[in-house]
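Quick notes on the structure that follows.
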Amino acid sequence: MMRQWIIEFGIIFLTFFYISCYNTSPLAPEPLASTIVFADSTDITKMLGNGTYINPVSGIGDGPISYSSEKPNIATVDANNGEVTLIGVGTTIITAQKASTDKFKAVSASYTLTVKDKALSTIVFADSTDITKMLGSGTYINPVSGVGDGPISYFSERPDIATVDTSTGVVTLIGVGTTVITANKASTDSFKAVSANYTLTVKDKNLSTIVFVDGTDITKMIGSGTYINPVSGVGGGTVSFSSENPNIATVDSSTGVVTLIGIGTTVITANKALTDSFKAVSASYTLTVKDKNLSTIVFADGTDITKMTGSGTYINPVSGVGGGVVSFSSENPNIATVDANTGVVTLLAIGTTVITAQKASTDSFKAVSASYTLTVKDKNLSTIVFYNGINITKMIGSGTYINPLSGVGGGAVSYFSEYPNIATVDANTGVVTLIAIGTTVITAQKASTDSFKAVSASYTLTVIDKNLSTIVFENGINITKMIGSGTYINPVSSIGGGAVNYFSENPNIATVGANTGEVTLIGIGTTVITASRASTDSFKIASARYTLTVIDKNLSTIVFADGIDITKMTGSDTYINTVSGLGHGVVSYSSENPNIATVDSSTGEVTFLGIGTTIITANKASTDSFKAVSANYTLTVIDKNISTIVFTDGIDITKMTGSGIYINAVSGLGDGAVNYSSENPNIATVDSSTGEVTLIGIGTTVITAQKASTDSFKAVSASYTLTVKDKNLSTIVFADGTDITKMPGSDTYINTVSGLGDGAVSYSSENPNIATVDSSTGEVTLIAIGTTVITANKASTDSFKAVSASYSLTVKYKNLSTIEFADSTEIIKLLGSGIYTNTMSGVGDGAVSYSSEDPNIVAVDSSTGEVTLIGSGTTVITAIKAETDSFKAVSANYTIVVLEPYLPLLSISTDDMHPVDSKEDWIKGRAILNNGGTITDLGNLEIKGRGNSTWNVMPKKPYTFKLDKEKQILGMEPHKRWVLLANYSDKTLLRTTFAFNLGLSVFSNLKWTPVSRMVEVVLNNEYIGVYQIVEQIRIDTNRVDIDLDKGDFLLEVNARQDEKFNFTTTREVPFSFKGPEEPNTSQFYAIKSKIQKVEDIIYSDNFADEVNGYAKYIDVNSFVDWYLINELTKNNDAIFYTSVYMFYKDNSLYMGPLWDYDISSGNINYNGCDNPENYWIKNAPWIQRLFEDPLFVQKIKDRWNEKKNELLSEIADISFNASLLNNAANNNFKRWDILNTYVWPNRVVKGSYNEEVSELIDWLTMRYNWMDSDINQ
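Quick note on numbering: my numbering labels position 989 of the sequence shown as 981, and the sequence is numbered without any gaps.
In structure tokens form, the structure reads like this:
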């Protein structure tokens, strides 16, 4: 401040000095510049609720100052004095404006004010949240730490078990049992209030145990030194040791170290002393001391080895019993030497030597030696034999060929030609290509091998020229054909054996078979047919042609003698409509509708079959001189009138036998005579002329009436069914079935009867000792346990026969009831997540009532079982099913754990509670956000699953949702599209946050990095844990800001290729379209072309050119920042496998945004990504190539060194972020109990949240140190 005051005073002094000394003009002086300086800097952070404040101003100028706030909903400012009042959470700009005066100009200045909400307090118990103590072990303190500076008070749920000092937390043990010790941290200006508790279990003194780590039966070798059989077990008493037989082994009484003395057996005993908490105990193990074992040496390749001189080094591997070190020696080093440690043999000369292996003695095995004989021989002679001899003649143009070779020796063969202008030869395959006429020598050289010497051989090749071919057309070279006259061939004869090919100059006139020369006439006109004979090994190519003229045919005509509109009556004779006309082609006939009339295909004779209209067509075939033609006429066939028969009494008659004769009178259209007949005269006869029916027997017959045809009407027949019946059968049907079970003590009952027949019904019981029945009403009275049969008898009547029926009645004791809860017997819920019902089912019809063991935690509706969450803690919900006539009473219960939320609570409810179980189907619903009591209705949404392994394998599912309107969530920019990351495998819940923070706070060259917040989520009233709500990668002005209309695009490197539009570059880099999501064809290929061009430049020879190299096409700074983030976190998928995003803007390709870091930073057990050392992303396509440019490498180094201190700060901040998340993480891992469980692809399982966080910090620290050392070496 003093320095600033001196500077300002100096400026004022010099200003006035200038005015007084040099301003001699009578005009007013030019006003001086004013300044405004804020005393408390230009970036202020305040806590909401901490009152008003003033940021004092100073500076040059005497104008009055006024103040304004950019966002009065965040903070207001007194316009005159600058006093600021905090209104809400957020950021605003406070501006001071100094007015102009006669001497000074106006000026304005601003500072940024950030208003934050009070931070969450946390309480962390140093000794965990589940403590067990022994009664009488004295007082103790479970120290607390955590965020927040509020005073802490303590209380005990059960002072009869333990009391706690309210201010210090010192606990005094009182009795055996369990209590809960609660710590309450008060709110302060900066932090909210919070409470936490731990369970204290006070137990009586325990039994001690001793467990020998190496078991109770130990065998050692004499001379193998001292050893310890470590002890573990329950109890903290001092352990002392003794040996039953010190002649065999002695033991140190305090350490348990055993010294072996002699061969034999002794017993070593450990005694654990009594302590305050544990009783004394002793245990023993048996020690057997033995002599050393014999060692053996076995050579894998035997004891007699033969090798060729010059065949290189080799090893004859050894195995065998005994772990002693093996050394090697050679009897004759002039023949072969051997490495003393490895046994590798080097051949020096021809001859024989002996190689010896010596195995040293160990604690358990004696020394041993073994040898093998090595014979070194000289190499064999190689030979080369040409299969086709050594003088070859070939015709120029006859193609490539090989002169196969054979011979002794397996050396690689290479070839060369003496005169390559005559013929060349492939150096590896021996394939010869003929170039020109002349003679050359082809040489083959076979290389030496371990067993054979080198050799060479040659053959002479003479290349000669081909003979002339000819083509002659047998039918001449001018041909005339009539169109439609069929195909033809103009045969050829010639010299030369080459295949002949044909083509037509004008295929619209005639086509020709390319191989056969067969010509097909197409149109009228002239074309030229050319024949070409191919060259062969002996003959050259030749061609010839002839002219073909195609002329047209004459027109044919057809005329019908009887015209083209004919009407006929069905039943008339056949007829012919005679045809005439030009042309002598054969005429054939057809009918459009053969159901109306058919026509003889050759004569045209028509036969009538049905009523209606058809078309008769005549087709005159083409001939050599006339074209084909067709004509038709319409034929209409009409019918006779229809007769009908109608029975007055219907077509289904039932009569009772003995009821006499009857007539079923007929009426209807038509004047033909009517005749009657009976299908079965044994049932009934009928008078053939009158239709009078006489009943004969019981059964069914059909009576048929037939009306004869007349000139105007057709014949017709009709029938009716006559059923003749006997007296009807009666039936008895029991309303409740024929197998009844009742309980003793219930009321009387009636099994109501129904059925056919009107006879009186009477009842009886087979066993009146079990149950009696009223004979007239059927009312049953239960007497005893057992089974009886109740019989009902229905009497006969005039129309119905008598009948009887029975049902079985079993009388037995009441059934057992059951209660089954749909959601298991331990439920975890989050306070504030709404009401909940654990649906109940089971056997029994008794009314169910519900109760809560602790209504302060959970209230339950006594009749519906609907649960309302009241406070945090654990309680038991009991359901009692009452006794009924058939079932006994029963009760069951389930435990419900209610957790207090420590993060903003996001509650999502789908319509009709529809499960979110698909990545394809959007489910509609609503969402509400509760941020510390501030409720935000996010409105309608649609939600579905997302992810790959995280969705398919992990039980805690990730989701994506879209709001129907853009909303700001927890200070993030307003948008509709969001993602809920589960971070199931990442037990710190922080790896993705850490990576995003690097992109947001450290590495500024990434255009956009998603912002995220941690929330606790309830889905359809079920608590599903801590989630990371993240801005989804979308194309938008506040996300990935690109313009698709300008050709910009967004892609993902995605090996799964599971999007609708995908492509792969020539270097196998797989891309999926993210924007546009559904490109049209031109967009697809334009974008693919741009990416391929970038890749081609990166892999070009001049890729590092500073003007036209890769830097012209990519944003290098974003590639550098992206690389360092992913290499530091050693992100497995970022090796151009998946979730690597790139976007194109302003004619440059940018890396980013960041995504998918749950299995980064050491949370993986494959691909070497678990190791904090060595590079990973550096091996990715494109990146590996960029590292071949020294300038890119220097940019990596410079950027690392510029940001490495900030990286260390971010790693250190993980601990603080974890402390803010600690309580919510405890909730998450109560819901998902995995801290002691391996989850794919965990590198380690640490067992607690704090240890998982420590492991992450340790891994990142080691990774940072290794990279820093390697980058700067």
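Quick reminder that beta carbons are idealized off the backbone N, C-alpha and C, glycines included.
Check, Outcome
"Between Ile214, Asn1046 and Lys271, which lies nearest to Asn285 when the distance is taken from Cα to Cα?", "Ile214"
"Per DSSP, Gly430 forms a beta bridge with which residues?", "Val455"
"May I have a chain-ordered list of the beta strand (DSSP E) segments no shorter than 3 residues that lie completely inside the stretch 1133 to 1210?", "1140 to 1143"
"Which same chain residues end up closer than 8 angstroms to Lys346 when comparing Cβ atoms and leaving out the 5 residues on each side of it in sequence?", "Looking at the sequence itself, residue 346 is Val, so the reference to Lys does not match. Only Ser322, Glu323, Asn324, Ser363, Tyr364, Thr365 and Leu366 meet the Cβ criterion."
"Just to confirm, is the Cβ distance from Ile643 to Leu661 under 8 angstroms?", "no"
"May I have the straight-line CA-CA distance separating Ser767 from Thr860, to the nearest angstrom?", "57 angstroms"
"Of the choices Ser996, Pro947 and Leu990, whose alpha-carbon is the least far from that of Leu1272?", "Residue 1272 is absent from the structure shown; the chain starts at -7 and stops at 1265."
"For Leu1011, which of helix, strand or coil comes out of DSSP?", "strand"
"Between the stretch 249 to 267 and the stretch 230 to 240, can you find at least three pairs of beta-carbon atoms closer than 8 angstroms?", "yes"
"Report the partner residues of Asn932 according to the DSSP bridge assignment.", "Arg918"
"Identify which residue in His967, Ser798 and Asp1181 has its Cα closest to the Cα of Lys957.", "His967"
"In chain order, what residues of the same chain lie with their CB nearer than 7 angstroms to the CB of Ser583, ignoring the 5 residues before and after it?", "Ala589, Thr590, Val591, Thr606 and Ile608"
"Which of helix, strand or coil does DSSP assign to Ser1246?", "helix"
"Name the DSSP beta bridge partners of Val259, please?", "Thr278"
"Following the continuous beta strand (DSSP E) through Thr84, name the residue where it begins and the one where it ends.", "Gly82 to Lys90"
"Express the C-alpha separation of Arg1191 and Leu19 in angstroms, rounding to a whole number.", "In this predicted model, Leu19 has a pLDDT of only 42, less than 50, meaning its place in the structure is not dependable; the value taken from the coordinates is given anyway. Taking the straight line from one Cα to the other gives about 57 angstroms."
"Entirely within the stretch 311 to 383 and at least 3 residues each: give me those beta strand (DSSP E) ranges in chain order.", "318 to 322, 328 to 330, 337 to 339, 343 to 351 and 360 to 369"
"With DSSP as the reference, label Tyr581 as helix, strand or coil.", "strand"
"Please report the Cβ distance between Val852 and Ser843, rounded to the nearest whole angstrom; I am assuming they are in contact, meaning their Cβ atoms lie under 8 angstroms.", "7 angstroms"
"With a threshold of 16 other CB atoms inside 10 Å of the CB of Ala404, please say whether the residue is buried or exposed.", "exposed"
"If you reduce the DSSP assignment to three classes, tell me which class Thr628 lands in.", "strand"
"Sort out for me which residues DSSP pairs Val464 with in a bridge.", "Ser485"
"Taking only three categories from DSSP, how would you classify Lys95?", "coil"
"With DSSP as the reference, label Asp35 as helix, strand or coil.", "strand"
"So which of Thr902, Leu895, Ile655 and Phe1184 has the shortest CA-CA distance to Glu1098?", "Phe1184"
"Glu1247 to Thr984, Cα distance in whole Å?", "16 angstroms"
"By the 10 Å Cβ neighbour count, where 16 or more other Cβ atoms means buried, how is Ala534 classified, buried or exposed?", "buried"
"Excluding the 5 residues preceding and the 5 following Val330 in the sequence, name in chain order all residues of the same chain whose CB lies nearer than 8 angstroms to its CB.", "Phe320, Ser321, Ser322, Val336, Val337, Thr338 and Ile347"
"Are the stretch 297 to 308 and the stretch 379 to 393 in contact at 8 angstroms, needing three or more beta carbon pairs?", "no"
"Just verifying my parser: in three-state terms, what is the DSSP assignment at Gly573?", "coil"
"What residues match up with Arg1005 in a beta bridge as DSSP calls it?", "Ile1021"
"Relative to the alpha-carbon of Asn1209, which residue among Lys282, Thr114 and Ile1034 has its alpha-carbon at the smallest distance?", "Thr114"
"Start and end of the beta strand (DSSP E) containing Gln960?", "Tyr951 to Ile961"
"Quick one: residues in its chain with C-beta nearer than 7 angstroms to the C-beta of Trp1258, no 5 flanking neighbours on either side, listed in chain order?", "Pro1164 and Glu1165"
"Taking Ser1152 and Ala1047 to be in contact with their CB atoms under 8 angstroms, please state how far apart those CB atoms are, rounded to whole angstroms.", "Not confirmed; about 17 angstroms, so no contact."
"For Glu812, write down the residues that DSSP places opposite it in a beta bridge.", "Ser833"
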